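Before any comments, here is the structure.
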Amino acid sequence: MFKPLDPLLHSELRLAVMSLLISAESAEFPYIKEQTGATAGNLSVQLDKLATAGYITVEKTFKGKRPCTLCRITPQGLKAFEDYVETLREYLNPGQ
396 MFKPLDPLLH SELRLAVMSL LISAESAEFP YIKEQTGATA GNLSVQLDKL ATAGYITVEK
456 TFKGKRPCTL CRITPQGLKA FEDYVETLRE YLNPGQ
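Counting from 1, position 77 in the sequence shown corresponds to residue 472 in our numbering; the numbering is continuous, with no gaps.
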(Lines of atoms letter the chains of each structure in order from A; the text may use other names.)
(Lines give C-alpha, C1' and ligand atoms only; values in the text may rest on other atoms or scores of the structure.)
Protein backbone atom coordinates (compact mmCIF):
# COMPACT_ATOMS: atom_id res chain seq x y z
CA MET A 396 0.00 0.00 0.00
CA PHE A 397 1.33 3.42 -0.94
CA LYS A 398 1.69 6.14 1.67
CA PRO A 399 -0.17 9.33 0.78
CA LEU A 400 1.85 12.23 -0.60
CA ASP A 401 1.82 15.46 1.40
CA PRO A 402 -0.89 17.48 -0.43
CA LEU A 403 0.83 20.73 0.54
CA LEU A 404 4.00 19.70 -1.29
CA HIS A 405 2.21 17.99 -4.15
CA SER A 406 1.46 21.38 -5.71
CA GLU A 407 3.92 22.13 -8.51
CA LEU A 408 4.67 25.68 -7.37
CA ARG A 409 5.00 24.85 -3.67
CA LEU A 410 7.27 21.92 -4.52
CA ALA A 411 9.41 24.21 -6.70
CA VAL A 412 9.69 26.76 -3.88
CA MET A 413 10.73 24.08 -1.41
CA SER A 414 13.26 22.67 -3.88
CA LEU A 415 14.83 26.12 -4.27
CA LEU A 416 14.96 26.71 -0.53
CA ILE A 417 16.52 23.29 0.14
CA SER A 418 19.65 24.33 -1.72
CA ALA A 419 19.85 27.90 -0.38
CA GLU A 420 20.14 29.33 3.10
CA SER A 421 17.50 31.86 2.07
CA ALA A 422 15.97 33.35 -1.06
CA GLU A 423 14.36 36.68 -1.85
CA PHE A 424 10.89 36.91 -3.34
CA PRO A 425 12.02 38.22 -6.78
CA TYR A 426 14.50 35.34 -7.14
CA ILE A 427 11.86 32.73 -6.30
CA LYS A 428 9.40 34.43 -8.66
CA GLU A 429 11.95 34.43 -11.48
CA GLN A 430 13.04 30.82 -10.95
CA THR A 431 9.49 29.45 -10.74
CA GLY A 432 7.90 31.65 -13.39
CA ALA A 433 5.02 32.34 -11.01
CA THR A 434 3.01 35.52 -10.85
CA ALA A 435 3.60 37.68 -7.78
CA GLY A 436 0.05 37.12 -6.55
CA ASN A 437 0.11 33.34 -6.91
CA LEU A 438 3.57 33.09 -5.35
CA SER A 439 2.46 35.19 -2.38
CA VAL A 440 -0.50 32.88 -1.77
CA GLN A 441 1.65 29.74 -2.00
CA LEU A 442 4.35 31.17 0.29
CA ASP A 443 1.65 32.00 2.82
CA LYS A 444 0.38 28.39 2.71
CA LEU A 445 3.91 27.05 3.27
CA ALA A 446 4.50 29.52 6.11
CA THR A 447 1.17 28.69 7.76
CA ALA A 448 2.14 25.00 7.71
CA GLY A 449 5.47 25.87 9.35
CA TYR A 450 7.49 24.68 6.33
CA ILE A 451 9.10 28.07 5.68
CA THR A 452 9.60 31.40 7.39
CA VAL A 453 8.87 34.64 5.58
CA GLU A 454 10.70 37.70 6.83
CA LYS A 455 9.74 41.12 5.54
CA THR A 456 12.55 43.65 5.85
CA PHE A 457 13.99 46.55 3.89
CA LYS A 458 17.08 46.95 1.72
CA GLY A 459 17.59 50.63 2.03
CA LYS A 460 14.13 52.02 1.32
CA ARG A 461 12.97 49.04 -0.75
CA PRO A 462 10.91 46.23 0.80
CA CYS A 463 12.57 42.82 0.84
CA THR A 464 10.79 39.51 1.46
CA LEU A 465 13.18 36.76 2.51
CA CYS A 466 12.15 33.10 2.67
CA ARG A 467 13.88 30.28 4.54
CA ILE A 468 13.05 26.60 4.95
CA THR A 469 12.43 25.45 8.52
CA PRO A 470 13.55 22.18 10.09
CA GLN A 471 9.90 21.05 9.88
CA GLY A 472 9.84 21.97 6.19
CA LEU A 473 13.08 20.10 5.55
CA LYS A 474 11.66 16.99 7.22
CA ALA A 475 8.41 17.26 5.24
CA PHE A 476 10.37 17.62 1.99
CA GLU A 477 12.60 14.63 2.81
CA ASP A 478 9.53 12.53 3.67
CA TYR A 479 7.87 13.59 0.41
CA VAL A 480 10.92 12.58 -1.63
CA GLU A 481 11.17 9.25 0.21
CA THR A 482 7.49 8.54 -0.48
CA LEU A 483 8.05 9.29 -4.17
CA ARG A 484 10.95 6.83 -4.17
CA GLU A 485 8.63 4.18 -2.73
CA TYR A 486 6.14 4.88 -5.52
CA LEU A 487 8.89 4.42 -8.09
CA ASN A 488 10.35 1.29 -6.48
CA PRO A 489 7.44 -0.57 -4.86
CA GLY A 490 8.37 -3.53 -2.71
CA GLN A 491 11.97 -2.49 -2.14
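The beta carbon of each residue, even a glycine, is placed where N, CA and C say it ideally should be.
Owing to the predicted nature of the structure, the values given are computational and were not obtained by experimental measurement.
{"Asked": "Contact belief for Leu408 with Gln441 at Cβ below 8 Å, rounded distance in angstroms", "Found": "5 Å"}
{"Asked": "Gln471 to Glu477 span [Cα, whole Å]", "Found": "10 Å"}
{"Asked": "Short Cβ contact (8 Å threshold) for Leu400 with Thr452", "Found": "no"}
{"Asked": "Glu485 beta carbon less than 8 Å from that of Phe397", "Found": "yes"}
{"Asked": "Opposing strand residues paired with Ala475 [DSSP bridges]", "Found": "Its beta-bridge partners do not exist; DSSP assigns none."}
{"Asked": "Classification of Ile417 by the beta-carbon crowding that lies within 10 angstroms, buried from 16 upward", "Found": "exposed"}
{"Asked": "With 16 other Cβ atoms within 10 Å as the buried cut-off, status of Ala422", "Found": "buried"}
{"Asked": "Within 8 Å, strictly: CB atoms of Leu445 and Val412", "Found": "yes"}
{"Asked": "Nearest residue (CA-CA) to Asp443, options Gly490, Leu403, Pro462", "Found": "Leu403"}
{"Asked": "Rounded straight-line distance, which links the Cα of Leu410 to that of Leu465", "Found": "17 Å"}
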